[in-house]
Structures are given as C-alpha cells and as structure tokens.
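Peer 1:
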Amino acid sequence: MSKELKTITINEKSETTFKERLWVVIPVVLLVGLISTLVYNHHAEFSWNGLIAGFNQEFLIFFCIGVFAQLVDGTLGMGYGATSTSFLLAYGIPPAISSTGVHVAEMFTTGASAISHHRFGNINKKLVRHLLIPGVLGSIAGAYLLSDVIDGDAIKPFIAVYMIGLAIIIIRKAMQKNIIKKKTKRLNILASFGGFMDAVGGGGWGPIVTSTLLGRGRNPRYTIGSVNAAEFAVAFASGVTFMLFGGIQGWQVIIGLILGGVIAAPIAAILVNKIKRKPMMILVGILIIILSLKTLSKLL
C-alpha cells in the first residue's frame with residue numbers, strides 16, 4: 007500500500023473515531039453544563055442542608071418512579087414520560103410541576119440512555135438525524151405553551167385522558183401480529199408531533215414515535231436505541247424552555263427521577279434484547295390506564 011493510501015486510511019479512521027466520540031462527548035458536555043448552571047442558580051437546594059432536608063419518604067417514592075419509568079423506557083423505547091407523569095399525577099403533583107420535573111429529569115436520564123445505547127451499538131445514526139430537529143422544535147413549542155400560556159390545572163383531566171390514549175396505543179402495538187415492513191414517510195411531521203405532545207402532556211415521544219416506527223416493521227433494537235438517543239435532544243430543548251419560561255419547582259421530584267433514571271439506564275440498555283416486549287407493553291399500558299383513571303376519579 008502506498009504512503010498516500012495509508013495517509014488517507016489513517017485520516018478516515020481518525021475522522022470516524024472523532025465522530026463516534028461526539029455521540030458521547032456532546033451529551034456529557036451538555037449535562038455537565040446543565041449541572042453547573044443548576045447548582046449556581048439554585049445553590050440553596052444543592053447545599054448540604056438542602057440535600058439532607060430533601061431525603062425523606064417522598065424522595066424515595068420519586069426515586070422508585072424514576073427507576074421503574076427508565077426501565078420501561080429503555081427496554082420498550084417508550085413510556086418514561088407516560089409512566090412517570092401518570093404516577094406523579096396520581097400522587098397529587100400538579101401538571102406543570104410534573105411535566106417540568108419529568109423533562110428536567112429526562113435531560114439526564116435520556117443522556118445516560120443515549121450513551122448506554124451507543125455503547126451497546128443500538129443506534130441508527132441516520133434515523134436519529136431525521137428525528138432530531140423536528141422533535142426539538144415541536145417540544146419547544148409544547149413546553150412554551152404549557153409553561154406560559156395554558157393553565158396546568160385546567161388541562162389536568164385532559165392529560166389523564168391523553169395518557170389513557172397513549173396506554174391504548176402501547177397495548178394495541180403489543181397485540182399486533184405479522185407486521186409487514188413499510189417505508190416510513192414524513193418522519194419530520196411524526197417527530198414534531200411527538201415532541202409537541204410529549205412536552206404538553208408530560209409524555210408521548212416514545213408511544214407516538216417508537217410505536218409508529220415499530221408498527222412499520224423497523225428493527226426493534228435500532229429503533230429503540232435511535233429514538234432514545236433523539237429523545238435526549240428533545241428532552242433537553244423542552245427542559246430548557248420550561249426553565250426559561252416557568253422556572254423550576256419540585257426539586258424532590260426532579261432529583262428523585264434523575265437518580266432513579268440514571269441508575270436504571272445502563273440496565274435497561276442491556277435488557278433491551280432480553281426482555282419479552284409483548285407482556286411488558288401490555289402490563290405498562292394497563293398500569294398507565296389504572297393510574298390515569300385514579301387521577302380522573304380524584305378530579306371528578
């Protein structure tokens with residue numbers, strides 16, 4: 007092999023290695039920047055006394071919700087927002103605080119999930135690029151409406167009904183047989199709608215985007231990994247929007263969800279090819295319906 011060919015090969019390998027590293031470096035840099043900003047702006051909550059005061063029975067509940075929701079999301083490619091929001095609403099947390107808490111927590115959990123799925127080779131980078139920008143724009147619009155325009159208490163029953171709808175979608179997708187692979191058109195519209203509904207309702211990116219792609223016969227492993235990777239950008243955009251227009255409330259909710267989700271993310275990435283999807287999806291769907299009905303019964 008000539009020196010010129012060797013040089014070209016080495017340069018190509020270096021460029022590939024650099025691009026591969028970006029899939030890890032970008033989430034890490036964004037998360038470190040986010041942590042630094044949060045600690046600087048909310049130092050009282052992050053002080054030793056603030057952290058000690060926050061560790062009580064409620065914190066443990068939010069931590070367990072975070073673990074369960076991330077295990078669901080990481081293995082099924084859907085359900086983090088729907089599961090955690092349903093639990094939080096059923097527990098009595100207001101919609102705006104629930105959605106803010108879920109999306110700020112998702113900044114960290116989806117970052118950890120994206121890195122984990124990249125580590126285990128579960129990502130289709132072309133699919134991620136198609137979903138990224140439309141999903142981000144949709145989530146920013148939805149987060150702005152919920153934090154600055156829509157009355158959270160007024161839409162609480164509608165969110166509960168929406169969650170029941172998501173649960174039905176999850177169950178229906180689980181019951182499908184003999185899925186024929188079809189080409190997915192208008193990914194940008196799908197991603198925009200998924201991002202918007204995810205921000206307004208506190209969940210929906212996975213049930214809308216992942217279920218549609220799986221329903222068209224896409225490979226579950228790469229679909230789940232790719233949608234989870236794109237979700238990091240979607241959650242980051244909506245979380246920043248919530249912080250800018252609505253501020254941050256409910257630190258116990260946020261920190262509990264973050265710690266639970268980050269711990270569960272690598273476990274979920276390992277389980278994605280080992281767990282039986284059909285019974286898990288049906289179980290999660292039924293659970294979300296029960297929690298949403300409980301929330302509606304309280305309101306009515």
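Take the sequence shown: its position 65, counting from 1, is numbered 71 in my numbering, and each next residue is one higher.
Each residue gets a CB set at the ideal place from its N, CA and C atoms; glycine is no exception.
Fair warning: this is a prediction, and the values are worked out from it, not measured in the lab.
(1) May I have the straight-line CA-CA distance separating V240 from T116, to the nearest angstrom?
(2) Quick check on the DSSP output: the alpha helix (DSSP H) that includes I276 runs from which residue to which?
(3) How big is the Cα-Cα spacing for G231 and H124?
(4) Can you look up R307 in the DSSP assignment and give me helix, strand or coil?
(5) What does a CB cutoff of less than 7 Å around Q258 pick up in its chain, not counting 5 residues either side in sequence?
(6) If we ignore side chains and look at the alpha-carbon of each, how far apart do F202 and K280 end up?
(7) Quick one, are the C-beta atoms of L95 and I165 less than 8 Å apart?
(8) Which same chain residues end up closer than 7 Å to L302 when comparing Cβ atoms and leaving out the 5 residues on each side of it in sequence?
(9) CB A205 to CB L77, shorter than 8 Å?
(10) Residues in its own chain within less than 7 Å of A236 by CB, not counting five upstream and five downstream?
(11) Could you tell me which whole beta strand (DSSP E) segments of length 3 or greater appear in the segment 110-159?
(12) Under 6 Å Cβ to Cβ from S119, same chain only, skipping five residues before and after it: list those, please.
(13) Under three-state DSSP, which class holds I99?
(14) Considering only residues of the same chain and omitting the five flanking positions on each side of I288, which have a CB-CB separation below 7 Å?
(15) Identify which residue in A243, L299, K282 and L297 has its Cα closest to the Cα of H109.
(16) Please classify G87: does DSSP put it in a helix, a strand, or coil?
(17) Around the Cβ of L192, are there at least 16 other Cβ atoms within 10 angstroms (buried) or fewer (exposed)?
(18) For L265, which of T91, L36 and V73 has the nearest alpha-carbon?
(19) Considering Cα atoms alone, identify which of Y168, A274, F248 and P100 is closest to L299.
Peer 2: In brief:
(1) 9 Å
(2) Annotation for I276: the continuous alpha helix (DSSP H) segment containing it runs W257 to L277.
(3) Whole-angstrom Cα-Cα distance: 8 Å.
(4) The shown model of the chain, from 7 to 306, leaves out residue 307, and the question about it has no answer.
(5) G60, E64, F65 and F68
(6) C-alpha separation (whole angstroms): 31 Å.
(7) yes
(8) Here the set comprises P163 and A166.
(9) no
(10) Same-chain partners within the cutoff: V134, L137, L138 and G141.
(11) Listed in chain order, nothing qualifies, since the segment 110-159 has no complete beta strand (DSSP E) run of 3 or more residues.
(12) Same-chain partners within the cutoff: G80, N234 and A271.
(13) For I99, the three-state secondary structure derived from DSSP is coil.
(14) I177 and A180
(15) A243
(16) helix
(17) Correcting the residue type first, residue 192 is Arg in the shown sequence and not Leu. Answer is exposed; the Cβ neighbour count stays below 16.
(18) When T91, L36 and V73 are compared, the shortest CA-CA separation from L265 is found for V73.
(19) Y168
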